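These protein sequences, in sequence, are chains A and B.
Per the working numbering, the first sequence runs over residues 136 to 421.
Per the working numbering, the second sequence runs over residues 18 to 286.
Here a beta-carbon is modelled for each residue, glycine too, at the ideal position from N, C-alpha and C.
Remember, it's a predicted structure, so these values are computed and weren't measured experimentally.
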Amino acid sequence: MAEIPNLRLSLASSPENVLLVRQTLSGLAEAIDLDPLELNDINTAVSEACNNVVVHAYEGREGPLEVDICAGAPSLRVLVRDHGQGIASTVMTADGDDGVEQAVGGIGLPVIRALARDAEFRDVEGGGTEVQMDFATARAGALEPPSPTDQPRLPAIASEGLTSTMALTIAPSALARTVLPRLLCALAARAHFSTDRISDTQLLADTLVAQTDGSLSAAHLGVAIGVAPRKLELRIGPLRSGRAGAIVLDSTVDGLGPVLARLVDAHEVTVEGSSETLALSVAAER
Amino acid sequence: MPSATATTATKMSSTRPMSGDGLELKRLFTRWQRHGDRAARETLVRRFMPLARSLARRYGSSSEPFEDLLQVASLGLLKAVDRYDVRRGYSFSSYAVPTIVGEMRRYFRDSGWAVHVPRGAQERALKVRDTQERLTRELGRAPTVNQMAQRLELHIEEVVDALAALQAYEAFSLDARQADGREELASYGESVGADDERYELVELDATLASVLSHLGSHERLILRMRFVEDLTQTEIAARMGISQMQVSRQLRRSLDRLRALTRAPVQAG
Numbered sequence: 136m137a138e139i140p141n142l143r144l145s146l147a148s149s150p151e152n153v154l155l156v157r158q159t160l161s162g163l164a165e166a167i168d169l170d171p172l173e174l175n176d177i178n179t180a181v182s183e184a185c186n187n188v189v190v191h192a193y194e195g196r197e198g199p200l201e202v203d204i205c206a207g208a209p210s211l212r213v214l215v216r217d218h219g220q221g222i223a224s225t226v227m228t229a230d231g232d233d234g235v236e237q238a239v240g241g242i243g244l245p246v247i248r249a250l251a252r253d254a255e256f257r258d259v260e261g262g263g264t265e266v267q268m269d270f271a272t273a274r275a276g277a278l279e280p281p282s283p284t285d286q287p288r289l290p291a292i293a294s295e296g297l298t299s300t301m302a303l304t305i306a307p308s309a310l311a312r313t314v315l316p317r318l319l320c321a322l323a324a325r326a327h328f329s330t331d332r333i334s335d336t337q338l339l340a341d342t343l344v345a346q347t348d349g350s351l352s353a354a355h356l357g358v359a360i361g362v363a364p365r366k367l368e369l370r371i372g373p374l375r376s377g378r379a380g381a382i383v384l385d386s387t388v389d390g391l392g393p394v395l396a397r398l399v400d401a402h403e404v405t406v407e408g409s410s411e412t413l414a415l416s417v418a419a420e421r
Numbered sequence: 018m019p020s021a022t023a024t025t026a027t028k029m030s031s032t033r034p035m036s037g038d039g040l041e042l043k044r045l046f047t048r049w050q051r052h053g054d055r056a057a058r059e060t061l062v063r064r065f066m067p068l069a070r071s072l073a074r075r076y077g078s079s080s081e082p083f084e085d086l087l088q089v090a091s092l093g094l095l096k097a098v099d100r101y102d103v104r105r106g107y108s109f110s111s112y113a114v115p116t117i118v119g120e121m122r123r124y125f126r127d128s129g130w131a132v133h134v135p136r137g138a139q140e141r142a143l144k145v146r147d148t149q150e151r152l153t154r155e156l157g158r159a160p161t162v163n164q165m166a167q168r169l170e171l172h173i174e175e176v177v178d179a180l181a182a183l184q185a186y187e188a189f190s191l192d193a194r195q196a197d198g199r200e201e202l203a204s205y206g207e208s209v210g211a212d213d214e215r216y217e218l219v220e221l222d223a224t225l226a227s228v229l230s231h232l233g234s235h236e237r238l239i240l241r242m243r244f245v246e247d248l249t250q251t252e253i254a255a256r257m258g259i260s261q262m263q264v265s266r267q268l269r270r271s272l273d274r275l276r277a278l279t280r281a282p283v284q285a286g
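Here it is, written out as structure tokens:
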């Protein structure tokens, strides 16, 4: 049964992007009040699955890495997917005692099995592998699952013109509120932002989540992020007709002006059919 | 734990002939488990120590002193070496990994890890905060995460985590005085003097009818410096005699309060 995830992260399978997955999990833990021990287990298992994609899926090259999170209580489901040759052929058979080297290289799977309540490995249609991990989360709260009638597909945010992109789709906004600031913080750090500019980026994340709540034309908030040297570019959507411009104006505080516009260096509205995208760019220095 | 994997593992091993290395391992296990040959046990432990080390590194995620965790992992390895049943046919590592991971999980649970680690993380956050302030003075501007990581010999991820902790929306109780926003304001209230009053007069008219009037004067002042005068958070911190992180937390809190005050329900459709 394909569950609609609360969160999907689409990234390149680079080692430093595993950090973004971990930051996402930390944000999730905050949203559902996850036990720190359980977070450590989940972090370790999911990092193993992601590292396997980084190392094995594309024969040393980069390719797409997708992470889905379904946060319905009492269990938390995380899927890690690649579209390469898959980890099935390489890692799953690397389980011999033919020397310690191999044993160490192939411990990812046993680690996942030891930490997840249930783990499944399957082929992805058209090539690739999917690892599905279920974790028991005794004390955590559940997030409302996105309504499948609302939006059967996750929104795709146009990322043309963005370099080194990642995208995420996320619902409900309670989850976006804890995940997006962490992700933007990690990305701003990567783009060599100073700490005060990183803090501004987090203010921006707060503001975006608050202002887009109720303005989306889909169940999920979609965010595409481009990381250039000393610059972040964001695309936010899909927004209902007229809302992209409105959320900038709505952020106005008497005596301060439009807070959202003050936090970015440029913003632009793109209309595509009946939905709109808000493009924003933030520089490491002003 | 091992019994669950035994059936599939047996199947796998039957399709693969045992290599010379595998035979050598089998001999070592027999020497230790049947004949009590301690030298064989030691050879096995030394041989698989990289596995324990690798698992400790993976599971610890920099939150526990690595040496402590390695000790726990080594204990798990010893147990695995003692209990592994070579006749079952599955590989040693497929038995040892869950045993070692199980040992580390138990250790985390029993040692009150959930209590200790936030404390360790808090100490690191304080170091990051101090380093940020020191580097700001040295460089004359706010440092990057890379610069802080280099100075503290920490991984980027650890600094990012520390920043998240420092900027956590729930006031991060760095010390008792700053346990909540109100006291944070009180503690630097005295350091803000004449400048403050000047701002007060200028902004009085503008704010009387605005939602800003619901905020305290320091909160308004910081918001104005950031959004009207377009000062950086570091510049605001210098003027207010507080840290940039305090400015950041104040701004987050203030903006959130303003949103709550002005929130009008958005009509769908």
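When the Cα atoms are used, L160(A) and C205(A) turn out to be separated by approximately 12 Å. Excluding five sequence positions before and after E197(A), the CB atoms of its chain that fall closer than 8 Å to its own CB belong to A147, S148, S149, given in chain order. Where D217(A) is concerned, the enclosing beta strand (DSSP E) starts and stops at 210-217.
Taking 8 Å as the threshold, the shortest C-beta distance from E174(B) to chain A falls below it. For T304(A), the secondary structure class from DSSP, reduced to helix, strand or coil, is strand.
In the assembly as shown, V417(A) is a buried residue. Its beta-carbon has 16 or more other beta-carbons within 10 Å. Against chain A, the CB of T60(B) has no partner CB under 8 Å away; the residue lies outside that interface. For E165(A), no beta strand (DSSP E) encloses it; the enclosing alpha helix (DSSP H) starts and ends at 152-167. Taking a cut-off of 8 Å on C-beta distances, the region 322-336 of chain A does not touch the region 264-278 of chain A, as fewer than three cross pairs fall below it. Within 8 Å of the CB of Q337(A), the CB atoms of chain B belong to Q184, S265, R269, in sequence order along the chain. Apart from the 5 residues on each side of it in sequence, Q337(A) sits with its Cβ closer than 8 Å to the Cβ of P316, L319, C320 in its chain, given in chain order.
When 8 Å is used as the limit between beta carbons, L154(A) is near these residues of chain B: I173, E174, V177, in chain order. Just measuring C-alpha positions, the residue of A142(B), I253(B), T249(B), I239(B) sitting nearest R270(B) is I239(B). The Cβ of Y124(B) sits no closer than 8 Å to any Cβ of chain A.
Residue pairing by DSSP places Q261(B) in no beta bridge whatsoever. Here V246(A) carries a helix assignment [DSSP, helix/strand/coil]. C-alpha of T116(B) to C-alpha of K96(B): approximately 8 Å in a straight line. Below 8 Å, enough C-beta pairs join the region 184-192 of chain A and the region 242-260 of chain A to call them touching: three or more.
Looking at the DSSP output, M268(A) sits in a beta bridge with V213(A), A254(A). Closer than 7 Å at the C-beta level to chain B, one finds no residue of the region 355-374 of chain A. Distance from L310(A) to L214(A) at the Cβ level is roughly 16 Å; contact not present, criterion being Cβ atoms closer than 8 Å.
Your pair T342(A) and V394(A) checks out as a contact, with CB atoms roughly 6 Å apart and the cut at 8 Å.
The alpha carbon of I167(A) has as its nearest neighbour, out of V156(A), A273(A), D203(A), the alpha carbon of A273(A). As for any alpha helix (DSSP H) of minimum length 4 sitting wholly inside the region 328-366 of chain A, the runs are 330-347, ordered along the chain. By the 16-neighbour rule on beta-carbons within 10 angstroms, A159(B) is buried. Using a C-beta cut-off of 8 Å, the region 406-416 of chain A makes contact with the region 367-376 of chain A, since at least three inter-stretch Cβ pairs fall below that distance. Comparing C-alpha distances from P281(A) to each of S386(A), D389(A), L356(A), S145(A) shows the shortest one belongs to L356(A). Put simply, the backbone Cα of A363(A) is about 46 Å away from that of S108(B). DSSP, reduced to helix, strand and coil, places R196(A) outside both helices and strands of the structure shown, so it counts as coil.
Only residues of its own chain outside the window of five on either side were considered, and among them C205 have a CB closer than 6 Å to the CB of E138(A), listed in chain order.
Annotation for S145(A): the continuous beta strand (DSSP E) segment containing it runs 142-147. T179, S182, E183: these are the residues of the region 179-201 of chain A whose beta carbon lies less than 8 Å from some beta carbon of chain B, given in chain order. When DSSP states are grouped into helix, strand and coil, P393(A) belongs to the strand group.
Not a single CB atom of chain A sits nearer than 8 Å to the CB of V98(B). Residues of chain A with a Cβ closer than 9 Å to the Cβ of D273(B) are, in chain order, D341, A345. Remark: C-beta atoms of Y101(B) and F65(B) do not approach each other more closely than 8 Å.
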